[in-house]
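Trainee: This structure is in structure tokens; I'll ask about it shortly.
Numbering (our numbering), first residue to last: 875 to 1035.
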């Protein structure tokens, strides 16, 4: 385990991590693994507490809604996955800070970065939410080429629609 310090924000760090994972030779040589929300195992664990919370709130006899603070979109995506698995979720509501790219995207249909603002909730100080790619994958009919086009557009121009 090596701790590193970088000049930059969460998005800069996450870009470095994604680059390391995409370097398959390096990834395999060092047995690279991630333990943050880009790891599917974490999403699976979060799905469990959606079911547990819903049962505590009276589900399945009544639908439930969840409001979730979000930055990297992992926790709220777990709620989406729980709903797809049959949990009677009425609404999933994202809570944001000044870094409101996800709220803006869901309202407008355009994903446009505008720079990261430092706030008192740094885990939400994100413009490129990795787990949003998972929702795009679902919205694109599980077409990886379409998602790749969107993400390449984001990388090149800072936006996609």
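Glycine included, each C-beta is placed from N, C-alpha and C at the ideal position.
Report the three-state DSSP secondary structure of residue 1002 (helix, strand or coil).
Mentor: Locating residue 1002 in the chain shown gives position 128, where the first residue counts as 1. Note: residue 1002 maps to coil in three-state DSSP.
Trainee: Exposed or buried, residue 884, counting other C-beta atoms within 10 Å across all chains shown (16 or more means buried)?
Mentor: Counting from 1 along the chain shown, the entry for residue 884 is found at position 10. Buried, since its Cβ has 16 or more Cβ neighbours within 10 Å.
Trainee: Answer with buried or exposed for residue 922, where buried requires no fewer than 16 other C-beta atoms within 10 angstroms of its C-beta.
Mentor: As a working note, residue 922 is residue 48 in the chain shown. The residue in question, residue 922, is exposed, as its Cβ has fewer than 16 Cβ neighbours within 10 Å.
Trainee: Below 8 Å on the Cβ atoms is my guess for residue 939 versus residue 967; work out the distance and round it to an integer in Å.
Mentor: As a first step, residue 939 is located in the chain shown; it is residue number 65 there, counting from the start. As a first step, residue 967 is located in the chain shown; it is residue number 93 there, counting from the start. At roughly 7 Å, the Cβ-Cβ gap stays under 8 Å, so residue 939 and residue 967 are in contact.
Trainee: Answer yes or no: do residue 973 and residue 950 have a C-beta to C-beta separation smaller than 7 Å?
Mentor: Stepping through the chain shown from its first residue, residue 973 is reached at position 99. Stepping through the chain shown from its first residue, residue 950 is reached at position 76. Contact flag unset, no.
Trainee: Can you list the alpha helix (DSSP H) stretches of 4 or more residues lying completely in the stretch 890-957, in chain order?
Mentor: For the stretch 890-957, whole alpha helix (DSSP H) runs of length 4 or above, ordered along the chain, are 898-904, 914-930.
Trainee: Hey, out of 881, 932, 1023, whose CA is closest to residue 963's CA?
Mentor: In the chain shown, the residue the question calls residue 963 occupies position 89. For the residues 881, 932, 1023, the minimum Cα distance to residue 963 belongs to 932.
Trainee: Could you give the first and the last residue of the continuous beta strand (DSSP E) run that contains residue 976?
Mentor: Indexing the chain shown from 1 puts residue 976 at position 102. First-last for residue 976: 975-982, but that is the alpha helix (DSSP H), not the beta strand (DSSP E).
Trainee: According to DSSP, which residues form a beta bridge with residue 986?
Mentor: Taking the first residue of the chain shown as 1, we reach residue 986 at position 112. 1033.
Trainee: Can you confirm whether the stretch 1023-1032 touches the stretch 905-919 when touching is taken to mean that 3 or more C-beta pairs between the two stretches lie within less than 8 Å?
Mentor: No, the stretch 905-919 does not touch the stretch 1023-1032.
Trainee: Pull up the distance between the alpha-carbon of residue 956 and that of residue 918, whole angstroms please.
Mentor: The residue you call residue 956 lines up with position 82 of the chain shown. The residue you call residue 918 lines up with position 44 of the chain shown. Approximately 9 Å, taken between the alpha carbons.
Trainee: If residue 965 sits next to residue 1033, beta carbons under 8 Å apart, how far is it from one beta carbon to the other, in whole angstroms?
Mentor: Numbered from its first residue, the chain shown carries residue 965 at position 91. Numbered from its first residue, the chain shown carries residue 1033 at position 159. Residue 965 to residue 1033, Cβ: 27 Å. No contact.
Trainee: If we call anything under 7 Å between Cβ atoms a contact, is residue 969 one with residue 996?
Mentor: Within the chain shown, residue 969 is the residue found at index 95, counting from 1. Within the chain shown, residue 996 is the residue found at index 122, counting from 1. Contact flag unset, no.
Trainee: Smallest Cα separation from residue 925: which of 899, 876, 1018, 958?
Mentor: The count along the chain shown starts at 1 and reaches residue 925 at position 51. Ranking the options by Cα distance to residue 925, first place goes to 958.
Trainee: Measure the alpha-carbon distance for residue 920 versus residue 952 and round it to whole angstroms.
Mentor: Here residue 920 refers to the residue found at position 46 of the chain shown. Here residue 952 refers to the residue found at position 78 of the chain shown. The alpha-carbon atoms of residue 920 and residue 952 are separated by roughly 6 Å.
Trainee: Please state if the CB of residue 901 and the CB of residue 895 are separated by a distance shorter than 7 Å.
Mentor: In the chain shown, the residue the question calls residue 895 occupies position 21. In the chain shown, the residue the question calls residue 901 occupies position 27. Taking 7 Å as the Cβ cut-off, residue 895 and residue 901 qualify as a contacting pair.
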